[in-house]
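Student: Have a look at the structure that comes next, please.
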Amino acid sequence: MLNLLLPVVISLPLASAQGWDDFSNNLATDLAPFLSLFGEQVTKQYLSESTTYLDYFIFAMAPMGILTALVSAIRVCGSPALRAFIGRAQEGSGHAEAELCSSTSRDVCELYHNGGITRVFGRPKILEVVYDPALKNYGAGIYTFHDYVEKSENWHCKKRREPDHDVLAPQEAFSPNLSLNIGIKKRHPAVFWIVATAGLVLQCGVLVFASIATYYLRWGTNDSPTEPYACPLVIIGTLLVSGGMFICAFLVGESTDEEVWYKKPEAEDAPDGEVRSKTEKDESSIFWLQPGGQTIGDQTFDAFACADTSELMGGVSQYTISRKRDVPESNKYVVWLAVGITVSGFVLQFTGLRAVHAAVAVAQLGTVMIMSLARAFLRMQRLDPKANALAGYPNQQTIHGHELDWLALRIGQELAGSRPNTPILTDNVALQSTSPAMHLAWTFNSAQYRGTGITWNRHTEGNPGFEIMRLRTRLADLTTSGWGLQKASELFDDEMVNGRHAARQLGSAMWSAITMVYNKSAKVHEAWRQIDELNWTFQCQVSGPARDVARTHMASIQTTSIQLESVLGLWTWALNPDPVMLGKRYHIIPAHKRTEQRQFPWVKAVNDFRLWHTLGSSRFVHDYLAQCDNLEQANPNTVWKVEDDNSLSGGDLFPVRPDDYNATSPWNYRRLWGWYGTKYPGVGPQTLRLAAIELEGSLLSSSVHEVFGTFVSSILKVVQDIGTVDIALKETEGFYLKNHLVTSLAETFTDNQLGSENDAFLCILTALLPRMKGSPPKCAVDAAIKNVARHKRRGQLEEAESVLKWALEKSCWSEKLIDKPVAALAELYRHALREPETRQFGLDGIEWLHGEAGSLYGSTKDMIIAYTEVAHRYIPRPRIHDRGKLLAAIEAKDLVTALVELTHLELVRGEAEQTIEALLQAAGHGWPDIVSGLLELSPDLERQHADKWHRTSLPNAIQSKSAATVNVLLQCGVVPDAMDIALASRTENIHVLETLLGVTNTCIDYNPLLLAVHANCVAIAERLLDEGADINARDSTESTPLHIAAAAGYVKMVKMLLHKGAEVDLVNMDHSTPLHCAGLKSQMAEWAYNVSKKGKDIYQNAQEKAPPDDDAPTAPGTSGEEKSAAIARILIDHGARTDSINRYGHTPLQSAADNSNEPLAEILLDKGADVNMVTEPDGTALHVAVNRNYSGMVRLLLDQGADLQVVDSRGDTPLSLASKGHDYICDMIKDKEAELQSSAH
């Protein structure tokens, strides 16, 4: 450098000293504003980004902004006196940290703003995570950086200050350092060394030049020699200034503690058994996510997302964490030293520069400018604005609240089979693109698929839909506070995440709903009362711009709020970019499954709903014909178009495809919700007739209602019967149906602020009504008849009449529903004839019925005519006790005369046995009115009959095939037994069987075939199959009729089902086949038929009362095992596999060993079952038998050649397992080993 300066100096014109002085003074005068304007900010920026001694040294060489450096050191480390001196006595440490330090803390954070990184004072929110697909078994592969370096050894720390405490408290968590990691593109370390060397050479060169100019060239000032003190002062002052600036930079820089992590070039073994090869490519990525819409001070920050593996970033190989340190007490004295050195040095330097030749001052100024440019050059390359992956959304409101959803889908793009880039929209691309999906979409599907709903199995299949939901759930977990302590930067507020607050409310409602189902009046299937954990499985779809057809996947949750947040967030984000979602939304009102498909069935559906609730009088109902191409379209994710939407008739709906949308088209666009209550009728294109009611509220609220309704529909799987349906009265709305469970669910809905009461009933009834055995009008009729009985006992005949007429009106005078209310009304009026005070009421009522009979036909009309004749023939007279006329009329099958005599009859207590014959014959004729009338007069009549004669009237009623008569007797306390069930089976009347076993119209998902199989009614089951019943129908445990018959040991039923074509290898929820269940009271069967303390399941009740299977072997003491062996033989002969494995890891042979069923094991081995088949976790059948200490089974398996050297999952052989306390079996195995060894020799 000196070689370059000397020729320049020598070649200078020999100008006068006065000229040099004028030039230098003018130059300094012109640069003074520049230094004053820019020196402060340049100095602050450099100091805030300095973390190494090399940075401090570069700053000390020819420094700019000396005063700013001094003030900065005082602000960071100075004593109160010094801070007061510079006017910063009341300044908090956070402001100084935000301006001058590289650290982040709970008070200082770095955010992305307008293309750059901004340090702000406050507590904004920003998330930093690492995703590594190789470590996804825990946390879905998403970790904070600190957790990740604990899990993986791909990073190592170069500099790490030991913490003051063993555990970093959650409230001390810091926010990410964006500036140090992505805000500044790091130069190669050699560049810093070059700049430092250049700075040292330049600064030393100035001092050397000052010495040469003074002592060699003898340049003076103002035509006089240079003062002797000038050059030494320049040298000493410059050295002091540089030293002082180094100390100032050191004080500011060392006020923070940095951990610098470096990525290893090769991955090492991961913990917890997840081993990564050293040659395996590292696929981890660091993501930064900033929720949009945050306001800090007077600034609003947009959404920001960045990945270190993006094309613009190129990967982060060095990761820096900077924390603020507590200032040591000694630093306060060092600040005084820095101030003293710097001030004295500046004074000496200034004095010396004024005394030496002006060329030296110009050289020093040039050096300062060069080093200032060099320092700026070191950190001039900043974050590219295009690195923000969310910059492609011109309307930032679109992404606000969905940043976590976007990130989950961004990470999950590879899982879904494609990796479409996030669109960067240009100025000529409008938001309303013709493609409704601008990104990968995860959608919830509320349609009912087989295999979805409540289950006791955890879903572990790694399909894309499930994995994306896991990713989103993990992100929700990381951004949700579970500590209840002070918030950190990654804990997003509820308003920052779309659906978070709603998910919390939804989770509470769902938890309350399942609790109510188990604890309220609903009757739960016994199989579900023994379960410790319930999981909810549903269908979801993953689709993207690269695929036209969405793939369907299955996911499951345990109804926690963060999982529900994932569902709501991902789903609403998938629907948000769709421009047609701005159209109106409607909720489907499904017609009952038994509603006849005549004209306007939707009217009946709406009326059915309004039996329970008004649905809001202002709601506008439409009738639509939806043209579905396939089941995939039967969900809320499909947008429909309809041309005419101005009338009740609605019109035809057609699904909108991505390329169909046209903003100028005449079509009206609709989205339909409530598909969980509508079952797709078959395979392929279908036309569905739908009633739809217009919805109010937001897209999020509709999604919440859909999820809650789908969940309610799913938990109905565990419900056998919703319990009693009653009739209530509202002054403004009249009578309506009421059920304790429905009311409780509606209250849960509203109490958790999910919506209004109308919304609650709309969700719940949509799920409930299609699943009930009887339609709402049938339930209304049944409830009305029960109400009438109470009113009659209280003498409230007019109230009873009002209820029955209401039920009659709601039945719409349907031929299938009118019999019961008409009969009840007729009997009510006949009952009124008995008392003088109510006789006219009865006569008027019968006359009214007679007037209505003209529009009726069949048995109902005959009934009204009969009661009209009773009213005409009835002559008021004193009550009689003679049962002869009544009995004679019954024997003659003269119903009218019998009713007249019954009206006059007065029974005397103690003489009831004389009327028993009349009761028996009336039951045999199937006359419920006569039976009911006799039992009203003498409630103990049937009990006295049973006590004396050890029989009841029930067999007579069963043989009459009158379910109404059977029901009357059951209401009086008659209990059916196995003989009654067998008699009902021979009559082949399913309605009688249902009545005997307590099946009501409020049963859920009732299947008569399953009931007949449980009750071992082969004749009824066969007739139902002949009438089209599904032979592979499923119960709540996904068991088929063949599973049930095999588990119960019904040999004849099994033969019949197989003959009719039952599939032999279908699996139930335990993945057990009928062969697993053959006669076994094993894992599935043990609790499936237990008696609950809270009441019996109708199916379990049918099982207990089932008649014996006469075709099965009945050897004393072994009939059960022989039945199972016979059933196993039949199943295998029909193609059943012997190597299928259930969820307990058992084959049929292992299940037989587990239950010590030797006859079954013999059949299985005889039919080719592999005695040495190894499964997890129990090993072979021999392992199972040894572990259960079943010596007989062990002997059988040893005789069949069981391998004694096979080990189970714990490394035990049968012998080592037997040595753990099973001495007899241990000796047996040793003897077998000795026998094998001797035979080998």
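Mapping of the sequence shown onto mature numbering (1 follows the signal peptide of the UniProt record, and there is no 0): residues -19 to -1, 1 to 1222, in sequence order. Cβ coordinates follow ideal geometry from the N, Cα and C atoms, glycine included.
(1) Would you call R304 buried or exposed, if buried means 16 or more other Cβ atoms sit within 10 Å of its Cβ?
(2) Let me know the secondary structure DSSP gives K801 once reduced to three states.
(3) Helix, strand or coil: how does DSSP classify K698 here?
(4) What three-state label does DSSP hand R651 in the structure shown?
(5) Closest to A230 by CA distance: which of T125, V52 and A781 is it?
(6) Between V23, Y314, I47 and W509, which lies nearest to P61 when the distance is taken from Cα to Cα?
(7) Quick one: residues in its chain with C-beta nearer than 8 Å to the C-beta of K842, no 5 flanking neighbours on either side, listed in chain order?
(8) Rounded to whole angstroms, how far is the Cβ of residue 1249 from the Cβ of Q1181, which I believe are closer than 8 Å?
(9) Sorted by chain position, which residues of the same chain lie with C-beta nearer than 6 Å to Y129's C-beta, five sequence neighbours on each side aside?
(10) Roughly how many whole angstroms lie between the Cα atoms of A1002 and L990?
(11) Hey, could you find the ends of the alpha helix (DSSP H) C1058 is sitting in?
(12) Give a yes or no on whether the C-beta atoms belonging to V505 and V700 are separated by under 8 Å.
(13) Does DSSP put D1151 in a helix, in a strand, or in coil?
(14) Compute the Euclidean distance between the alpha carbons of V341 and F190, then round it to the nearest angstrom.
(15) Using 10 angstroms around the beta-carbon of G218, count the other beta-carbons present and answer buried if the total reaches 16, otherwise exposed.
(16) Taking the straight line between their C-alpha atoms, what separation do you get for D1051 and G755?
(17) Consult DSSP for N739 and reduce its assignment to one of helix, strand or coil.
(18) Taking 6 Å as the limit between beta carbons, can you name the residues of its chain near I512, skipping five residues before and five after?
(19) Nearest to G1116 by alpha carbon, out of E1102, N1136 and G1149?
(20) Quick one: residues in its chain with C-beta nearer than 6 Å to the C-beta of G671, no 5 flanking neighbours on either side, listed in chain order?
(21) Quick one: what does DSSP say T1021 is sitting in, helix, strand or coil?
(22) Suppose you measure from the CA of V784 to the CA of P758; what does that come to, to the nearest Å?
(23) Does the separation of the CB atoms of L1056 and P936 fall below 8 Å?
(24) With a threshold of 8 Å, are at least 3 pairs of Cβ atoms found where one atom belongs to the segment 174 to 184 and the other to the segment 103 to 121?
(25) Per DSSP, what are the beta-bridge partners of H127 in this structure?
(26) For S489 and R1110, I'd like the C-alpha separation in whole angstroms.
(27) Excluding sequence positions up to five away, which residues of its chain have a Cβ less than 8 Å from the Cβ of V349?
(28) Please say whether I939 and A903 have beta carbons closer to each other than 8 Å?
(29) Let me confirm a value: K139 is counted as buried when at least 16 other C-beta atoms fall within 10 Å, else exposed. Which label applies?
(30) Express the C-alpha separation of I845 and E816 in angstroms, rounding to a whole number.
(31) Please name the residue, chosen from M450, L915 and S1172, that lies closest to V949 on a Cα-to-Cα basis.
(32) Can you have a look at T553 and say buried or exposed, based on whether 16 or more other CB atoms are within 10 angstroms of its CB?
(33) Taking Cβ positions, are A355 and E208 nearer each other than 8 Å?
(34) I'd like the list of long-range same chain contacts for V410, defined as Cβ closer than 7 Å, with 5 residues on each side in sequence excluded.
(35) With C90 as the anchor, note down where its beta strand (DSSP E) starts and where it stops.
(36) Within this structure, are the beta carbons of L1177 and A1199 separated by less than 8 Å?
Tutor: From the atom records:
(1) Translated into positions along the sequence shown, residue 304 becomes position 323. A residue is called buried once 16 or more other Cβ atoms fall within 10 Å of its Cβ, and R304 is buried on that count.
(2) Taking the first residue of the sequence shown as position 1, residue 801 is located at position 820. DSSP places K801 in helix when its eight states are reduced to three.
(3) As a position in the sequence shown, residue 698 is number 717, starting the count at 1. It is helical.
(4) The count along the sequence shown starts at 1 and reaches residue 651 at position 670. The three-state reading of DSSP puts R651 in strand, counting E and B together.
(5) Here residue 230 refers to the residue found at position 249 when the sequence shown is read from its first residue. Closest in C-alpha terms to A230, from the list T125, V52 and A781, comes V52.
(6) Numbered from its first residue, the sequence shown carries residue 61 at position 80. Per the Cα distances, Y314.
(7) Indexing the sequence shown from 1 puts residue 842 at position 861. For K842, where only same-chain residues beyond five positions count, the Cβ hits under 8 Å are A834.
(8) Residue numbering for the chain in the displayed model covers -19 to 1222; residue 1249 lies beyond these limits and cannot be assessed.
(9) Residue 129 sits at position 148 when you count from the first residue of the sequence shown. Once the five neighbours on either side are set aside, the close Cβ partners of Y129 are V111.
(10) By one-based count along the sequence shown, residue 1002 stands at place 1021. By one-based count along the sequence shown, residue 990 stands at place 1009. Cα to Cα, the separation comes out at about 6 Å.
(11) Residue numbering aside, residue 1058 sits at position 1077 when the sequence shown is read from its first letter. P1055 to C1058 is the extent of the alpha helix (DSSP H) around C1058.
(12) Taking the sequence shown and counting its residues from 1, one reaches residue 505 at position 524. Taking the sequence shown and counting its residues from 1, one reaches residue 700 at position 719. In contact: V505 and V700 (Cβ atoms closer than 8 Å).
(13) Against the sequence shown, residue 1151 aligns to sequence position 1170. D1151: coil per DSSP, three-state reduction.
(14) The sequence position of residue 341 within the sequence shown is 360, counting from 1. The sequence position of residue 190 within the sequence shown is 209, counting from 1. Cα to Cα, V341 sits roughly 7 Å from F190.
(15) Position 237 of the sequence shown, counting from 1, holds the residue named residue 218. Result: buried.
(16) For the purposes of this step, residue 1051 is identified with residue 1070 of the sequence shown, where counting begins at 1. For the purposes of this step, residue 755 is identified with residue 774 of the sequence shown, where counting begins at 1. If you take the alpha carbons of D1051 and G755, they lie about 30 Å apart.
(17) Start at 1 with the first residue of the sequence shown, and residue 739 comes out as number 758. If DSSP states are grouped into helix, strand and coil, N739 belongs with the helices.
(18) Taking the first residue of the sequence shown as 1, we reach residue 512 at position 531. The answer, listed in chain order, is W437.
(19) Sequence index remark: in the sequence shown, residue 1116 carries index 1135 (1-based). The shortest C-alpha separation from G1116 is found at G1149.
(20) The residue given as residue 671 occupies position 690 in the sequence shown. Sequence inspection shows Leu at residue 671; the Gly mentioned does not correspond to that position. For L671, where only same-chain residues beyond five positions count, the Cβ hits under 6 Å are I569, Y605 and A607.
(21) Reading the sequence shown from its first residue, position 1040 is the one you call residue 1021. When DSSP states are grouped into helix, strand and coil, T1021 belongs to the coil group.
(22) Walking along the sequence shown from the start, residue 784 turns up at place 803. Walking along the sequence shown from the start, residue 758 turns up at place 777. Approximately 13 Å between the Cα atoms of the pair.
(23) In the sequence shown, the residue the question calls residue 1056 occupies position 1075. In the sequence shown, the residue the question calls residue 936 occupies position 955. Here L1056 is not near P936, since their CB atoms are 8 Å or more apart.
(24) No, the segment 174 to 184 does not touch the segment 103 to 121.
(25) Here residue 127 refers to the residue found at position 146 when the sequence shown is read from its first residue. Answer is none; H127 lacks a bridge partner.
(26) Translated into the one-based positions of the sequence shown, residue 489 becomes position 508. Translated into the one-based positions of the sequence shown, residue 1110 becomes position 1129. Each residue's alpha carbon lies about 50 Å from the other.
(27) Within the sequence shown, numbered from 1, the residue matching residue 349 stands at position 368. The answer, listed in chain order, is A43, P44 and M45.
(28) Taking the sequence shown and counting its residues from 1, one reaches residue 903 at position 922. Taking the sequence shown and counting its residues from 1, one reaches residue 939 at position 958. Not in contact: A903 and I939 (Cβ atoms no closer than 8 Å).
(29) Taking the sequence shown and counting its residues from 1, the one referred to as residue 139 is at position 158. With fewer than 16 Cβ atoms within 10 Å of its Cβ, K139 is classed as exposed.
(30) Stepping through the sequence shown from its first residue, residue 816 is reached at position 835. Stepping through the sequence shown from its first residue, residue 845 is reached at position 864. Their backbone Cα atoms lie some 21 Å apart in a straight line.
(31) The residue labelled residue 949 in the question sits at position 968 within the sequence shown. Cα-wise, what sits closest to V949 is L915.
(32) To locate residue 553, count along the sequence shown from 1; it is residue 572. So T553 ends up on the buried side.
(33) In the sequence shown, the residue the question calls residue 355 occupies position 374. In the sequence shown, the residue the question calls residue 208 occupies position 227. In terms of Cβ geometry, A355 and E208 do not form a close pair [threshold 8 Å].
(34) One-based indexing of the sequence shown puts residue 410 at position 429. Confidence at V410 is low in this model, with a pLDDT of 26, below 50, so the placement of that residue should be treated as unreliable; the coordinate-derived value is given next. Its chain contains no residue whose beta carbon lies nearer than 7 Å to that of V410 once the 5 sequence neighbours on both sides are disregarded.
(35) Counting from 1 along the sequence shown, the entry for residue 90 is found at position 109. C90 -> beta strand (DSSP E) spans V89 to H94.
(36) The count along the sequence shown starts at 1 and reaches residue 1177 at position 1196. The count along the sequence shown starts at 1 and reaches residue 1199 at position 1218. Pairing L1177 with A1199 gives a Cβ-Cβ distance that is not under 8 Å.
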